[in-house]
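Colleague: Before I ask anything, let me first share the structure, which is written out below as structure tokens.
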Amino acid sequence: MNVPLVVLLALAFVASNGVLIVVMLIRLTLRAPAEAARARWRARYAEVIDDLIMQDREPSGHDIAALIPDNRRQRRVLEAVLAERAGLLRGRARSRMTEVFERTGIVGIALSELVSRRAWNRRIAAEVLGHSRSEQATQDLLLSLRDADDDVRTIAAKALGKIGAADALPFIASLFRDLDEDRCASVADTIVSFGETSHVPREERIAPLVDLLDDSSEKVRYWATHCLASLTRVAQRSKAPETAARLLARLSDPSARVRAEACRAIGSLGLSADAPALESGLADVSAEVRRYSARSLGAIGGAGVLAALIQAMGDPDFDVSREAGRALIALDERGIDAVQGMAGAATGASLRRAMEVLNVAGRVSPL
Amino acid sequence: MSWQDLLQVIVIVDFFIVHGSYSLLTLLAFPAVRTQHRRAFIDDYPHVFRSRLAPGVSIIVPAYNEEATIVENVDSLLMLRYPQLEVVVVIDGATDATLDVLREHFGLTKVIRVLRDDITTQRVNAVYASERIANLIVIDKQNGGKADALNAGINASNHPYFVSVDADVILEEDAVIRVMTPILRNPRLVVAAGGILRVANGCEVRGGRVIRAALSKRTLPVLQVIEYIRAFAAGRAGLSVINSLLIISGAFSAFNTALVREVGGYARDTVGEDMEILVRVRRHLARQKRPYRVLYLAYPVAWTEVPETLKALGRQRARWHRGLSETLWKHRDTAFNPRYGYMGLVAMPFFLVAEFLGPIAEATGYAIFLLLVLTGDVNFAFYLLFLSIAVLWGVLLSLSAVFFEDVNFRWYETWGSYTRLVWLAVLENFGYRQLTVWWRLRGLAQFFAHRRAWGKMERRGFGAGARNGRARS
């Protein structure tokens with residue numbers, strides 16, 4: 001090995017280490033005052049905001065003046081303090097946080113950054129607007145649903161969900177068409193938790209999803225049924241037949257995951273008329289479909305489902321068998337009696353499952 | 368060229384490959400971790416916590432003779448923030464009162480539960496549940512080792528994902544949310560994720576949480592702090608960027624449950640079960656041509672107590688190297704095999720050269736030097752320069768890792784802590800580094816001798832009071 005080259009290398013490493021140590025020392029020296037300043041701003045902002053919350057009062061001009069940030073760093077601290085509280089509050093207290101977001105200029109700046117050339121800035125802006133829950137941002141966020149950046153569209157949808165802009169729902173649901181599966185998961189989450197604070201009725205969330213059930217894309221149908229399975233409830237019975245009819249049609253969907261989610265959604269609706277269709281789901285080739293059929297039959301109930309569920313307890317798939325057992329427990333005494341009735345003649349896996357059900361129901365104890 | 372010259376060339380080439388690779392990984396890691404750090408705002412963790420679509424997670428805790436700490440640890444796990452969480456404690460044939468203290472504290476009663484038998488394990492004696500805490504399951508089984516206990520936990524798991532956690536590890540409150548967030552974002556692609564493991568020795572621990580991060584007053588744990596920062600913050604983060612992670616710490620890692628069942632669970636014939644399972648999952652997916660990602664996350668923090676004596680540390684390092692060797696040997700057919708993509712062409716060769724052969728090359732270098740000194744053939748100028756480069760390059764990697772830590776996370780609040788880390792990053796090259804080489808060679812020897820015992824780990828325990836030493840299965 002060439003000695004001068006080795007010397008050069010050694011010197012290069014000495015220099016690199018030296019530079020790194022000096023940079024670290026400078027950082028350590030400067031960090032303390034910067035962090036102290038951040039902590040000071042944080043304490044100052046938190047004091048004013050917490051006072052508003054605790055006193056349950058409107059922010060005065062004096063409060064707002066104390067909060068208006070002088071620079072970008074202060075603004076980031078204020079955004080974080082407000083976002084933390086906004087995430088925890090409900091009702092009037094949260095509205096006040098929105099007012100603070102708006103009157104301190106944070107919303108205005110975020111709106112202007114929503115059209116920034118840098119995608120990163122647009123993402124942050126959309127996130128901030130979501131935290132603000134400011135209705136002033138609705139139109140701009142709607143436009144952002146057509147942003148070239150997938151993340152911006154996803155975050156804008158989430159922000160609209162937090163604001164509770166019901167009009168945006170059909171546009172958000174249509175994102176299932178052009179976003180990848182992973183971002184669809186985020187959009188689905190947005191729709192399911194849409195406007196929880198502003199009480200957007202479930203019916204309004206369901207309608208645009210029902211419209212997507214016959215879409216030609218398997219991905220769109222899946223995410224629509226997936227959301228419906230979390231949104232449909234017994235409370236929607238008055239409007240259920242129409243939704244149920246569309247969901248029942250999906251039980252013969254070529255995609256197993258769509259069929260499975262359709263089973264789950266039908267179970268959530270809880271219409272006993274749908275039980276025969278779900279019973280046929282217990283014979284599906286997909287274990288996932290059989291599992292959700294069993295669960296939904298437990299939710300729907302009715303004397304007719306007992307035999308089907310008892311039989312499903314012997315399903316070779318562990319999850320289907322377990323779900324059938326749980327469904328029988330959900331059926332209460334009738335289900336437990338039926339299990340007790342079959343336990344005497346059962347063997348192997350069915351017997352073990354029956355004993356588990358009876359143990360959960362408190363009818364047998366382990367040795 | 369004489370055989371000494373040939374060996375020298377091999378040692379020097381290996382040195383440049385190893386240090387060059389680590390430097391490259393550090394360069395890759397820095398922007399990736401920085402982005403992760405910045406993304407924290409967008410990821411909106413509180414939102415994940417409230418999500419109704421977040422899939423359930425089972426926390427599996429293998430426990431063997433953990434009576435002193437198990438209650439506190441399970442309590443802290445039950446308080447973790449996540450929408451659907453169950454805690455599965457697997458008592459692996461404990462000989463102390465681990466089960467009794469759990470029964471008493473949580474009001475456990477024996478229940479009948481049908482457990483899966485997808486993965487064969489030692490016999491389960493009983494399953495316990497609590498009427499007060501619905502999401503706690505305790506499995507009492509015959510001793511079969513950590514891998515067997517994890518498999519029993521997977522059999523008992525009711526959720527699509529599981530997080531394996533060592534019984535002596537302290538998790539940050541949001542650790543599960545954070546480790547699950549990238550999985551939720553990419554459920555079809557991300558099959559496993561692991562977070563950074565930090566050293567708890569010296570930290571202030573209260574109520575099962577680390578209240579204040581600080582360095583231990585003793586030198587040995589601080590040297591390990593530097594190693595952990597270097598290994599996690601730079602090494603693993605860099606490997607994650609190029610999808611070449613072969614290990615995520617068994618002390619805190621999240622996996623897709625169905626996938627682990629599909630590959631037959633953790634292997635019981637190795638002491639490096641955490642690395643082996645990941646390699647097996649990866650090769651399984653590669654064979655099926657399924658796209659996947661294994662992620663390292665810079666933030667989800669688990670704190671662990673590291674050995675404070677050279678004896679215990681030596682045993683631990685030997686075991687780690689034995690586990691690494693066993694895994695590399697078992698899956699040797701994947702190395703340099705394009706069928707396995709990044710794993711075959713990047714990860715396996717890197718681990719083979721840098722991790723497996725690293726200590727052999729370094730020890731050979733020291734041996735040649737001594738031999739040449741004895742025979743009087745040594746070129747002192749050259750060797751001193753080479754040694755300086757080796758030390759300075761090592762110091763640079765360590766300092767970069769510490770710098771990394773300071774820029775992104777700033778766990779340690781005082782000037783003194785960072786100054787101490789910088790000093791020890793230099794000093795570790797004189798003595799400590801050579802010791803780790805020796806321990807790894809011992810691990811290698813044990814691998815060749817097929818030793819499989821876990822060895823003893825003397826733990827002082829967290830919090831104010833030091834506890835009795837415990838043995839691990």
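Protein sequence lines, in the order shown, are assigned to chains V and Z.
Sequential numbering from 1 applies to the first sequence in my numbering.
Sequential numbering from 368 applies to the second sequence in my numbering.
Note that the Cβ used here is the ideal one computed from N, Cα and C, for glycine as well.
1) With 16 other CB atoms within 10 Å as the buried threshold, where does serine 365 of chain V fall?
2) Would you say arginine 483 of chain Z lies against chain V (beta-carbon separation less than 8 Å)?
3) Could you work out which residues of chain V lie near tyrosine 785 of chain Z, taking near to mean beta carbons separated by less than 8 Å?
4) Exposed or buried, which one is glutamate 471 of chain Z when buried takes at least 16 other CB atoms within 10 Å?
5) What in chain Z is Cβ-close to glutamate 356 of chain V, meaning under 7 Å?
6) Chain V beta carbons: is any one of them nearer than 8 Å to that of valine 627 of chain Z?
7) Excluding the 5 residues preceding and the 5 following serine 607 of chain Z in the sequence, name in chain order all residues of the same chain whose CB lies nearer than 6 Å to its CB.
8) Taking its Cβ as the centre, do 16 or more other Cβ atoms sit within 10 Å of lysine 162 of chain V, making it buried, or is it exposed?
9) Where alanine 730 of chain Z and phenylalanine 771 of chain Z are concerned, what is the direct C-alpha to C-alpha distance, given to the nearest angstrom?
10) Using beta carbons (cut-off 8 Å, strictly below), is isoleucine 206 of chain V in contact with chain Z?
11) Any C-beta of chain B sitting closer than 8 Å to the C-beta of arginine 401 of chain Z?
12) Please confirm if asparagine 71 of chain V has its CB atom under 8 Å from at least one CB of chain Z.
13) Thinking C-alpha only, which one of Z:Ser616, Z:Asn568, Z:Val494 and Z:Asn502 is nearest alanine 519 of chain Z?
14) Can you look up alanine 235 of chain V in the DSSP assignment and give me helix, strand or coil?
15) What's the call for glycine 711 of chain Z, buried or exposed, on a 16-neighbour Cβ count within 10 Å?
16) Specify the secondary structure class of glycine 511 of chain Z as computed by DSSP and reduced to three states.
17) Need the endpoints of the alpha helix (DSSP H) that threonine 803 of chain Z sits in, please.
18) When you check each C-beta in the stretch 594-623 of chain Z against every C-beta of chain V, which residues fall closer than 8 Å?
19) Assign phenylalanine 194 of chain V to buried or exposed, taking buried as 16 or more other Cβ atoms, counted over all protein chains shown, within 10 Å of its Cβ.
20) Just to confirm my understanding: we take proline 674 of chain Z, look at its own chain, exclude 5 residues before and 5 after, and list those with CB closer than 6 Å. What are they?
21) Are isoleucine 266 of chain V and leucine 282 of chain V touching if we call contact CB-CB under 8 Å?
22) Please report the straight-line C-alpha distance between leucine 466 of chain Z and leucine 351 of chain V, rounded to a whole angstrom.
23) What are the residues that DSSP puts in a beta bridge with isoleucine 427 of chain Z?
24) Leucine 9 of chain V touches chain Z at which residues, Cβ-Cβ below 7 Å?
25) Should alanine 430 of chain Z and isoleucine 384 of chain Z be called a contact, given that it needs their Cβ atoms to be closer than 8 Å?
26) Bridge partners of isoleucine 124 of chain V, per DSSP?
27) Can you name the residues of chain Z whose CB is closer than 9 Å to the CB of alanine 188 of chain V?
28) Should asparagine 71 of chain V go down as buried or exposed, given a rule of 16 or more other Cβ atoms within 10 Å for buried?
29) Should alanine 173 of chain V be labelled buried (16 or more other beta-carbon atoms within 10 Å of its own) or exposed?
30) List the residues of chain V whose Cβ lies closer than 8 Å to the Cβ of valine 789 of chain Z, in chain order.
31) Suppose you measure from the CA of alanine 501 of chain Z to the CA of alanine 435 of chain Z; what does that come to, to the nearest Å?
32) Does the distance from the C-beta atom of alanine 399 of chain Z to that of alanine 604 of chain Z stay below 8 Å?
33) One question on the structure: do leucine 626 of chain Z and valine 648 of chain Z come within less than 8 Å of each other, judged by their Cβ atoms?
34) Opposite tyrosine 663 of chain Z in the DSSP bridges: which residues?
35) Verify the CB distance criterion: does serine 16 of chain V have a CB-CB separation below 8 Å to chain Z?
36) Output the distance between the C-alpha atoms of glutamate 35 of chain V and arginine 628 of chain Z, rounded to the nearest integer angstrom.
Modeller: Judging by the given coordinates:
1) Counting from one through the first sequence, the residue named residue 365 of chain V turns up at place 365. When all chains shown are included, serine 365 of chain V counts as exposed.
2) Here residue 483 of chain Z refers to the residue found at position 116 when the second sequence is read from its first residue. For arginine 483 of chain Z, the answer is yes, since a Cβ of chain V falls inside 8 Å of its Cβ.
3) Here residue 785 of chain Z corresponds to residue number 418 of the second sequence, with the count starting at 1. Simply Met24 and Leu28.
4) Along the second sequence, read from residue 1 onward, the residue named residue 471 of chain Z stands at position 104. Burial call: exposed.
5) Taking the first sequence and counting its residues from 1, one reaches residue 356 of chain V at position 356. Under the 7 Å cutoff, chain Z gives Ile479, Arg480 and Val481.
6) As a position in the second sequence, residue 627 of chain Z is number 260, starting the count at 1. With 8 Å as the cut-off, valine 627 of chain Z does not count as an interface residue toward chain V.
7) Counting from one through the second sequence, the residue named residue 607 of chain Z turns up at place 240. The answer, listed in chain order, is Leu662 and Tyr663.
8) Indexing the first sequence from 1 puts residue 162 of chain V at position 162. By the neighbour-count rule (16 or more Cβ atoms within 10 Å), lysine 162 of chain V is buried.
9) Taking the first residue of the second sequence as position 1, residue 730 of chain Z is located at position 363. Taking the first residue of the second sequence as position 1, residue 771 of chain Z is located at position 404. Alanine 730 of chain Z and phenylalanine 771 of chain Z: Cα-Cα distance of roughly 29 Å.
10) Numbered from its first residue, the first sequence carries residue 206 of chain V at position 206. It does not; no Cβ of chain Z falls within 8 Å.
11) Note that chain B does not occur in the displayed structure, where the protein chains are V and Z.
12) Locating residue 71 of chain V in the first sequence gives position 71, counting from the first residue. No, because no Cβ of chain Z sits closer than 8 Å to the Cβ of asparagine 71 of chain V.
13) Translated into the one-based positions of the second sequence, residue 519 of chain Z becomes position 152. Out of Z:Ser616, Z:Asn568, Z:Val494 and Z:Asn502, Z:Val494 has the C-alpha closest to the C-alpha of alanine 519 of chain Z.
14) Residue numbering aside, residue 235 of chain V sits at position 235 when the first sequence is read from its first letter. At alanine 235 of chain V, the pLDDT of 47 sits below 50, so the modelled position is not reliable; the number obtained from the coordinates is stated separately. Alanine 235 of chain V: helix per DSSP, three-state reduction.
15) Reading the second sequence from its first residue, position 344 is the one you call residue 711 of chain Z. Buried is the call here.
16) Here residue 511 of chain Z is taken as the residue at index 144 of the second sequence, counted from 1. Three-state result, glycine 511 of chain Z: coil.
17) On the second sequence, residue 803 of chain Z is found 436 positions in, with the first residue counted as 1. Segment 799-815, the alpha helix (DSSP H) holding threonine 803 of chain Z.
18) none
19) Position 194 of the first sequence, counting from 1, holds the residue named residue 194 of chain V. Buried is the call here.
20) Residue 674 of chain Z sits at position 307 when you count from the first residue of the second sequence. Answer for proline 674 of chain Z: Leu680 and Gln683, listed in chain order.
21) The sequence position of residue 266 of chain V within the first sequence is 266, counting from 1. The sequence position of residue 282 of chain V within the first sequence is 282, counting from 1. No, these two residues do not count as a Cβ contact at 8 Å.
22) On the second sequence, residue 466 of chain Z is found 99 positions in, with the first residue counted as 1. On the first sequence, residue 351 of chain V is found 351 positions in, with the first residue counted as 1. Near 28 Å, if we compare the C-alpha coordinates of leucine 351 of chain V and leucine 466 of chain Z.
23) For the purposes of this step, residue 427 of chain Z is identified with residue 60 of the second sequence, where counting begins at 1. The partner list for isoleucine 427 of chain Z (beta bridge, DSSP) reads Z:Val455 and Z:Ser531.
24) The residue you call residue 9 of chain V lines up with position 9 of the first sequence. Ordered by position in chain Z, the residues that pass the 7 Å Cβ test against leucine 9 of chain V are Ile756.
25) By 1-based counting over the second sequence, the position of residue 430 of chain Z is 63. By 1-based counting over the second sequence, the position of residue 384 of chain Z is 17. Not a contact, by the Cβ cut-off of 8 Å.
26) Position 124 of the first sequence holds residue 124 of chain V. According to DSSP, isoleucine 124 of chain V bridges with nothing at all.
27) Stepping through the first sequence from its first residue, residue 188 of chain V is reached at position 188. Those are Leu420, listed as they occur along chain Z.
28) One-based indexing of the first sequence puts residue 71 of chain V at position 71. Label assigned to asparagine 71 of chain V: exposed.
29) For this step, residue 173 of chain V is matched to residue 173 along the first sequence. Counting Cβ neighbours within 10 Å, alanine 173 of chain V comes out buried, since at least 16 surround it.
30) Residue mapping note: residue 789 of chain Z aligns to position 422 of the second sequence, counting from 1. Neighbours of valine 789 of chain Z on chain V, chain order: Ile21 and Met24.
31) Counting from one through the second sequence, the residue named residue 501 of chain Z turns up at place 134. Counting from one through the second sequence, the residue named residue 435 of chain Z turns up at place 68. Cα-Cα distance, rounded: 24 Å.
32) Along the second sequence, one-based indexing puts residue 399 of chain Z at 32. Along the second sequence, one-based indexing puts residue 604 of chain Z at 237. The answer is yes: Cβ separation under 8 Å.
33) For the purposes of this step, residue 626 of chain Z is taken as residue 259 along the second sequence, with counting starting at 1. For the purposes of this step, residue 648 of chain Z is taken as residue 281 along the second sequence, with counting starting at 1. Against a cut-off of 8 Å, the Cβ pair of valine 648 of chain Z and leucine 626 of chain Z comes out as a contact.
34) Reading the second sequence from its first residue, position 296 is the one you call residue 663 of chain Z. DSSP, once it has assigned bridges, lists Z:Gly561 as partnering tyrosine 663 of chain Z.
35) Translated into positions along the first sequence, residue 16 of chain V becomes position 16. Taking Cβ atoms only, chain Z reaches closer than 8 Å to serine 16 of chain V, which makes this a yes.
36) Stepping through the first sequence from its first residue, residue 35 of chain V is reached at position 35. Stepping through the second sequence from its first residue, residue 628 of chain Z is reached at position 261. Each residue's alpha carbon lies about 47 Å from the other.
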